[in-house]
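Asks: My questions all concern the structure below.
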Amino acid sequence: MDLAEALPLGELAAAFAALPVFPLFDTAYFIVSVLYLKYEPGAVEMSRKSPFASWLCAMLHCFGSYILADLLLGEAPIGYFSHNSSVILATAVWYLIFFCPMNLFYKCVSFLPVKLIFVAMKEVVRVRKIAAGVHHAHHLYHHGWFVMMATGWVKGSGVALMSNFEQLLRGVWKPETNEILHMSFPTKASLYGTVLFTLQQTHWLPISEANLIFFFTMFMIVCKVFMTATHSHASPFAPLENLICPFLFGSVSSGHPSHHHDHHGASHEVSHPPPPPPAKSKEELNEGTRKRKAKKAE
Amino acid sequence: MDLAEALPLGELAAAFAALPVFPLFDTAYFIVSVLYLKYEPGAVEMSRKSPFASWLCAMLHCFGSYILADLLLGEAPIGYFSHNSSVILATAVWYLIFFCPMNLFYKCVSFLPVKLIFVAMKEVVRVRKIAAGVHHAHHLYHHGWFVMMATGWVKGSGVALMSNFEQLLRGVWKPETNEILHMSFPTKASLYGTVLFTLQQTHWLPISEANLIFFFTMFMIVCKVFMTATHSHASPFAPLENLICPFLFGSVSSGHPSHHHDHHGASHEVSHPPPPPPAKSKEELNEGTRKRKAKKAE
Amino acid sequence: MDLAEALPLGELAAAFAALPVFPLFDTAYFIVSVLYLKYEPGAVEMSRKSPFASWLCAMLHCFGSYILADLLLGEAPIGYFSHNSSVILATAVWYLIFFCPMNLFYKCVSFLPVKLIFVAMKEVVRVRKIAAGVHHAHHLYHHGWFVMMATGWVKGSGVALMSNFEQLLRGVWKPETNEILHMSFPTKASLYGTVLFTLQQTHWLPISEANLIFFFTMFMIVCKVFMTATHSHASPFAPLENLICPFLFGSVSSGHPSHHHDHHGASHEVSHPPPPPPAKSKEELNEGTRKRKAKKAE
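What follows is the structure, given as structure tokens:
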């Protein structure tokens, strides 16, 4: 039992962690996800010409986290689609956002104050998914730390991690970038979050799961609401990364949101494809050429 | 018990549904599938230069439905390959079609009257696969309607749904189109069929499984034989879709087979990549631009 | 019991097959795999800019065989990552090869005599993986010959079979070639090896598993060490293939390592993308055109 539990905060956190996500929070998650699908270039035309493909894309956006987690753990990727009510709800959201007469529903949900509420609610679901993913993996692999972290991560990131293939479904192919090479804020936050939840699950972090869910959710809500409201693209992790990465990896990790050249997922903080690589030392250049020639021969 | 069962038709349908598909109907399925592989540009050269890759493509064409269904349901995608006799039979068909001296086997099976018989027999297998897929999924997820429909659909469509990746195996990459964005006739028919079979399985459609198999197979045979014999490309679903889609989705669904610009699967009714999108209203254009800028900032 | 067992060779082979691969041989496997990742164009820049993506690529190189085998058999692809010590060891190897001050570690392990030892040790692990894969598949599918061969093959080939997607993770996309279309030496050797091990497992090859492991490992070590040391690219299978393939498939199988145009995996013998196809007979050309027109119509 940690300090926070002695305070009423502990009860608040426990009640918060026990909040049912279906149907209200899930609906908000679906709305934000499908909104961001609609922002993608060509998405509206696709909904008119190939409504089934559009619906399938929307389902990937809404349930991508479950699909990826099930794929990782060798379970049925289609398994979550047995929750008929969730699928019908997501379908209804998709239909209203794309086909509501006079675009009424879209205009309502994208009204900024309303949208900010939905964005906050989506983060509640995201953090709960990370926790559930880590928990589920812990149940299957008691000491599989990397498995827990991977499962939590894909549950938190969702469709972003399969963005190349979600785009392929829409007839778009951008192999030069992907969510792992250039992480957006939610993906990176999910990665850090899954590490925290794994440390908590394995008792290395002395905090209860309910408190961690509460605090991490608050952090995510503040960041995402701020970024959505101000159209800011400063990563809150940048100061810490700029401190640690040069020491560990010899340079600044590329996540700096200087430009927004192309975006591959609406809910993502976009990052510019990396600038030309820094000039290598003469030694490294010669070595690389020599090794490539040797490798070719092999 | 429905009316059709009271007639001898019921007995005919029951006997038809109980027909063993192995080896005769399966052989026909393999022959038509590998024939269509041979039609693909570059397939013959590939069989000479990379026979193993050619064989693997043929296996995808013959067993793609099982692979996809197993992938969806979290079962071993390689599982069906434990049926050694089926694999050996499919291998023999591949070898004869590609390497028979003087192309004798190919000439025999592609003689139109003979080919039409094989096409009809292939449709028997397709419909049986859809029914089996829905049945299997129902066994695993009693109330998983979407799971049943998805499983039946991939069983019916087969390799077409993974055409991008089957082409990738041949060194071809066409990301601008895929079978979901531009559905060919068999894929669309499998989609409608799986809905019917799911409604039947969940007792919403008052017809026995044997009768549904019989009638749907007759429908598929008539359509495919007619389309193959006349080189027609009119979709039998077009009238109904042109009635419903504008009402539901605001425009005609793009499946109109006006041109045959590129084909991605020989057994598929090809559809032209969609024409340039209709001019958007000024409001939609402004909105889209404004939203993309906002999304970039996020 | 076969002849070799009567000799001390049998005891040597048995002791050899019982050698534990962790941690020494596994470390050598990781070192060679990550070395070859480092040779890839852009890999060093990626490690500086996107260290997480670089780490993930290294994990694919080190554990690709387990991931693919689990995918094929419907087990959790992330399952092997529950072996924390292996993952930590591979991570340490990755870090040292990419980030060791003054590149010391890299210089040590790529010193040719040292590298040759590691290459030999890697082949020990490769052959053991093939045997284990066939054995595991045999346990699940007693008579699934093709399943056994496929599992052994992916265990032996590892990341090479998913090279297109490993490259995609690095932002590289080369759809015109893949490891199945143009097999490198290790992939082809794994294919032949898995056939031998399957024949042995099903008692068609009268040799004990220990002896087969021993002799096949010796063969692989001799070939790979020779090819690495001399930068040779002559395939040891070419004479046999040039004898059999024209008879079976009508032409020489394309594996001839005449040019090294592009490489997609450092441990692979590179092969030139196929030259323009040989002139087809007038009959084949007409037939192809006619069939494509007919297919388009369908």
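Protein chains in written order, with the numbering used here: chain A, 1 to 298; chain B, 1001 to 1298; chain C, 2001 to 2298. Ideal Cβ positions, reconstructed from N, Cα and C, are used throughout, including at glycine.
1) Nearest CA to the CA of A/Ala70: which residue from A/Ile31, A/Tyr95, A/Gly152 and A/Leu112?
2) Quick one: is C/Glu2241 near chain B, going by C-beta distance under 8 angstroms?
3) Residues in the same chain with beta-carbon distance under 6 angstroms from A/Cys223, minus the five sequence neighbours each way, listed in chain order, please.
4) Roughly how many angstroms lie between the CA atoms of C/Ala2131 and C/Gln2201, to the nearest whole one?
5) Quick check for students: name the residue ranges of the alpha helix (DSSP H) that lie wholly in the stretch 121–179 of chain A, counting only runs of 4 or more.
6) Measure the C-alpha to C-alpha separation of C/Leu2248 and B/Ala1090 and round it to an integer number of angstroms.
7) Closer than 6 angstroms by C-beta to C/Tyr2106: which residues in its own chain qualify, once you throw out the five before and the five after it? Chain order, please.
8) If we define contact as Cβ-Cβ less than 8 angstroms, is C/Leu2073 a contact residue for chain B?
9) What's the C-alpha gap between B/Phe1197 and B/Val1147?
10) Taking B/Asn1178 and A/Leu169 to be in contact with their CB atoms under 8 angstroms, please state how far apart those CB atoms are, rounded to whole angstroms.
11) Counting only Cβ pairs nearer than 7 angstroms, list the residues of chain B close to C/Val2147.
12) Could you give the distance in angstroms between the alpha-carbon of B/Gly1158 and the alpha-carbon of C/Leu2191?
13) Could you check if C/Lys2282 is buried or exposed, using at least 16 other CB atoms within 10 Å of its CB as the buried criterion?
14) Quick one: is C/Phe2216 buried, meaning 16 or more other Cβ sit within 10 Å of its Cβ, or exposed?
15) If we count the other Cβ atoms within 10 Å of its Cβ and call it buried at 16 or more, is A/Leu102 buried or exposed?
16) Counting contacts by CB-CB distance shorter than 8 angstroms, is C/Leu2012 in contact with chain A?
17) List the residues of chain C that A/Gly144 touches, going by C-beta distances under 9 angstroms, in chain order.
18) Starting from A/Phe311, trace the alpha helix (DSSP H) in both directions and tell me its first and last residue.
19) Shortest alpha-carbon distance to B/Leu1060 belongs to which of B/Ile1207, B/Cys1100 and B/Ser1163?
20) Under a CB-based cut-off of 8 angstroms, is B/Leu1009 close to chain A?
21) Below 8 angstroms on C-beta distance, what does C/Ala2150 contact in chain B?
22) State the Cα-Cα distance for the pair C/Pro2077 and B/Ala1238, rounded to the nearest angstrom.
23) List the endpoints of the continuous alpha helix (DSSP H) containing B/Thr1202.
24) Can you look up C/Leu2181 in the DSSP assignment and give me helix, strand or coil?
25) Pull out every residue of the stretch 49–70 of chain A whose Cβ sits closer than 8 angstroms to any Cβ of chain B, in chain order.
26) List the residues of chain B that C/Ile2244 touches, going by C-beta distances under 9 angstroms, in chain order.
27) Apply the 10 Å Cβ neighbour rule to C/Ser2082 and answer buried if 16 or more other Cβ atoms are within range, or exposed otherwise.
28) So is B/Phe1022 buried or exposed if we call it buried at 16+ other beta carbons inside 10 Å?
29) What three-state label does DSSP hand C/Gly2042 in the structure shown?
30) Run down chain A in chain order and give the residues with a C-beta less than 8 angstroms from the C-beta of B/Pro1175.
31) Between which two residues does the alpha helix (DSSP H) containing C/Ala2015 stretch?
32) Mind pulling the chain A residues with CB within less than 8 angstroms of B/Asn1164?
33) Note down, one range per segment and in chain order, each alpha helix (DSSP H) of at least 4 residues found wholly within the stretch 2190–2239 of chain C.
34) Indicate the three-state DSSP secondary structure (helix, strand or coil) for B/Glu1241 in the structure shown.
35) Let me know if A/Val315 comes out buried or exposed under the rule of 16 or more other beta-carbons within 10 Å of its beta-carbon.
36) Just verifying my parser: in three-state terms, what is the DSSP assignment at B/Cys1100?
Replies: Reading off the structure:
1) It is worth fixing the name first, because residue 70 of chain A is Asp in this sequence and not Ala. A/Asp70 has its Cα closest to that of A/Gly152, out of A/Ile31, A/Tyr95, A/Gly152 and A/Leu112.
2) no
3) Pro236
4) 9 angstroms
5) 145–157 and 163–169
6) 17 angstroms
7) Once the five neighbours on either side are set aside, the close Cβ partners of C/Tyr2106 are Ile2097.
8) yes
9) 12 angstroms
10) The beta-carbon distance between B/Asn1178 and A/Leu169, rounded to whole angstroms, is 7 angstroms. This is short enough to meet the 8 angstroms contact definition.
11) Result: Ile1078, Phe1081 and Ser1082.
12) 27 angstroms
13) Below a pLDDT of 50, predicted positions are generally treated as unreliable, and C/Lys2282, at 45, falls in that range; the measurement from the model is reported next regardless. C/Lys2282 should be labelled exposed.
14) buried
15) Inspection of the sequence shows that residue 102 of chain A is occupied by Met rather than by Leu. With fewer than 16 Cβ atoms within 10 Å of its Cβ, A/Met102 is classed as exposed.
16) no
17) Ile2078, Gly2079, Phe2081, Ser2082, His2083 and Asn2084
18) The shown model of chain A, from 1 to 298, leaves out residue 311 of chain A, and the question about it has no answer.
19) B/Ser1163
20) So, not an interface residue.
21) Near C/Ala2150 (Cβ distances below 8 angstroms), the residues of chain B are Ile1078 and Phe1081.
22) 42 angstroms
23) Looking at the DSSP string, B/Thr1202 is not in any alpha helix (DSSP H), and its letter there is neither H nor E.
24) coil
25) Lys49, Ser50, Pro51, Phe52, Ala53, Leu56 and Asp70
26) Result: empty, since nearest Cβ-Cβ is about 11 angstroms, beyond 9 angstroms.
27) Taking all protein chains in view, the Cβ of C/Ser2082 is crowded by 16 or more other Cβ atoms within 10 Å, so the residue is classified as buried.
28) exposed
29) coil
30) For B/Pro1175, the chain A residues whose Cβ falls inside 8 angstroms of its Cβ are Leu168, Gly171, Val172 and Trp173, in order along the chain.
31) Pro2008 to Ala2018
32) For B/Asn1164, the chain A residues whose C-beta falls within less than 8 angstroms of its own C-beta are Leu168, listed in chain order.
33) Qualifying alpha helix (DSSP H) stretches, in chain order: 2209–2230.
34) helix
35) Since the first residue shown for chain A is 1 and the last is 298, residue 315 of chain A is missing from the structure and cannot be characterised.
36) coil
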